[in-house]
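Taking it in order: structure first as structure tokens, then the write-up.
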Amino acid sequence: MQMIFADRAGKWLDFPPLEMAAQSGSSWLLPRREQLIPLPLGATLTMLPGARPIGYDSRQKRFISLEYDPYQEGKMRRIFPVGALLPQGFTRLLLPALKKGQEKLPLLGYTAVGIEKGRLYVAARQTDEHSFWHPKHYNTRELALLIKRRLEEFPNNRIVSQLAHCSREYGCFTAQNLFYRRWEAGIPVSPDCNAACLGCISLQPAECCPSPQQRLDFVPAPREVAEPAIAHLEEAQNAIISFGQGCEGEPGLQSEMLAEAIGLIREQTKRGIININTNGGNDQGLAQLMAAGLDSLRLSLFSALPQDHRSYHQPKDFDLDNIKNTLAKAKEAGVKVALNWLVYPGFSDQLPQMEAIAKLAKEGAVAQIQLRNLNIDPGEMQKYCTQGPGLGMDRMINWLERELPEVKLGSFTRR
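When we follow this note's numbering, the leftmost residue of the sequence shown carries the number 16, and every step to the right adds one.
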């Protein structure tokens, strides 16, 4: 398996003298053959600016950092690592091997990639069927017309306008589903958050890497939430509406408004699933939503160990005890719970992290663990990855399957 790199224009090239290297946490290593699969349909390649690519020299038996294009000898043209961005349903097993520079990297889920006999391979494992979330279903030619029709249907609804923006500008799949009138549709509701997660994709400090999305800047009225939600639940196949999207903060902070909106929705239709994506911190507000008719809850978590949870999520007024209380209330109310575990090679596959997540899942009667590749600059993760390479993300998945036989592992919210 040979390494690849990118030139400044973003064109990637293979380099047969060096083998593909990968990274777990802060450690460079050679990927095991069973960790590699052909580049999935819907995956894309991206350059990692400001970093140096690493390859492995099998003759010298050492990892080598490249700075300049080896095909342009004497011209001192910088080259960069290449990472793959996986479609939904695939879990990253290893990172691209790189030497980090000072430049901040965009918040993406970089995955190790190499080439053999003209075919690209990635260090990944398919952990769910991604038929509903395959890119071929989105950004189609008819999307513009479908957006126009929905906007005409709800001309004064700010949420529908926001979702039109997210569909066009960000290519957000859950936003687009409202216009395609199918599957899971996102409904953003909260500009505020009670955490300051390092990998937040809607709000970052000015000195950090830019956020890939702009955050919602208003709190909608209950009617604005209910209108598109009712239409979607009534019309869509496998209908789900979800609060808590990438373009907003913590939806649980809007519990008063959302409880009223859920009441309006259920007065009109009993069809479909009402879901919330949450950090679980506002346990009292979330309990109010459960009482109003919430069907399912997906709780995002970086770590179930207190110190790591605080360090990454930087919660303002909650901790893991509040999250455990949310899970207990959901169990009592019969609300289906999924843990949205933000996983990172070299950190999540450390045994203490694995044991803590398994314990939380058992105590909280969790039905599903959704493995979500953490989108972050690898440089931001160095302080967490001090124990050397992990056990291996593939071995972690196997361990979870043995330890939690009643818990479904996957990537998507189920009906």
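C-beta: ideal position from N, C-alpha, C; glycine also.
Predicted, not measured: the structure shown is a model, and the values here were computed from it.
Per-residue DSSP class, three states only, for residue i
i, result
"Tyr399", "coil"
"Arg140", "strand"
"Gly98", "strand"
"Lys285", "coil"
"Ala246", "helix"
"Lys90", "coil"
"Cys223", "Since pLDDT at Cys223 reaches only 39, below the 50 mark, its modelled position is unreliable, and the value read off the structure follows with that caveat. Note: Cys223 maps to coil in three-state DSSP."
"Ser39", "strand"
"Gly296", "coil"
"Leu320", "coil"
"Tyr185", "helix"
"Asp332", "coil"
"Phe362", "coil"
Neighbour-count burial assignment, residue i, 16 or more Cβ in a 10 Å radius
i, result
"Phe362", "buried"
"Arg431", "Nothing about residue 431 can be read from this structure; the chain reaches only from 16 to 430."
"Ala306", "exposed"
"Phe95", "buried"
"Phe105", "buried"
"Lys351", "buried"
"Gly3", "Coverage of the chain is limited to positions 16 through 430, which leaves residue 3 absent and any answer about it impossible."
"Gly403", "exposed"
"Pro237", "buried"
"Thr61", "buried"
"Glu88", "exposed"
"Tyr86", "exposed"
"Gln269", "buried"
"Met369", "buried"
"Ser73", "exposed"
"Ala251", "buried"
"Asn290", "buried"
"Gly25", "exposed"
Same chain, Cβ closer than 8 Å to residue i, neighbours up to 5 away in sequence not counted
i, result
"Asp29", "Gln17, Met18, Ile19 and Ile130"
"Leu3", "Residue 3 is absent from the model: the chain starts at 16 and stops at 430."
"Glu49", "Asp409"
"Thr142", "Gly104, Phe105, Thr106, Leu386, Ile412, Leu424, Gly425 and Ser426"
"Pro220", "With a pLDDT of 46 at Pro220, under the threshold of 50, the modelled position of that residue is not reliable, and the figure given next carries that caveat. Answer for Pro220: no residue qualifies."
Endpoints, the beta strand (DSSP E) within which residue i is located
i, result
"Gln252", "Gln252 to Phe258"
"Ser426", "Looking at the DSSP string, Ser426 is not in any beta strand (DSSP E), and its letter there is neither H nor E."
"Trp198", "Arg197 to Gly201"
"Gln17", "Gln17 to Asp22"
Same chain, Cβ closer than 7 Å to residue i, five either side skipped, listed in chain order
i, result
"Tyr71", "Leu33, Glu34, Ala36, Leu45 and Phe78"
"Ile169", "Before going on, a small fix: residue 169 reads as Phe here, not Ile. Here the set comprises Val175, Glu242 and Pro243."
Where the alpha helix (DSSP H) containing residue i begins and where it ends
i, result
"Leu161", "Leu158 to Glu168"
"Ala58", "Here Ala58 belongs to no alpha helix (DSSP H), and DSSP marks it neither H nor E."
"Ile372", "Leu366 to Glu378"
"Lys344", "Leu335 to Ala348"
"Gln385", "Taken as a continuous stretch (DSSP letters only), Gln385 belongs to no alpha helix (DSSP H), being part of the beta strand (DSSP E) at Gln383 to Asn388."
"Ile2", "One cannot answer for residue 2 here, as it falls past the ends of the chain, which runs 16 to 430."
"Ile445", "Coverage of the chain is limited to positions 16 through 430, which leaves residue 445 absent and any answer about it impossible."
Close beta carbons around residue i, own chain, < 6 Å, minus the five adjacent residues each side
i, result
"Ala241", "Ala276, Leu279 and Ile280"
"Leu321", "Sequence check: residue 321 is Pro here, not Leu. These residues qualify, in order along the chain: Leu335."
"Leu301", "Gly267 and Thr341"
Whole-number beta carbon distance between residue j and residue i, since they are thought to touch under 8 Å
i, j, result
"Leu316", "Tyr359", "Wrong, their Cβ atoms sit about 12 Å apart, outside the cutoff."
"Ser257", "Ile338", "Actually they do not touch by this definition, with Cβ atoms about 19 Å apart."
"Gly264", "Cys181", "About 15 Å; that fails the 8 Å criterion."
"Ile69", "Lys114", "6 Å"
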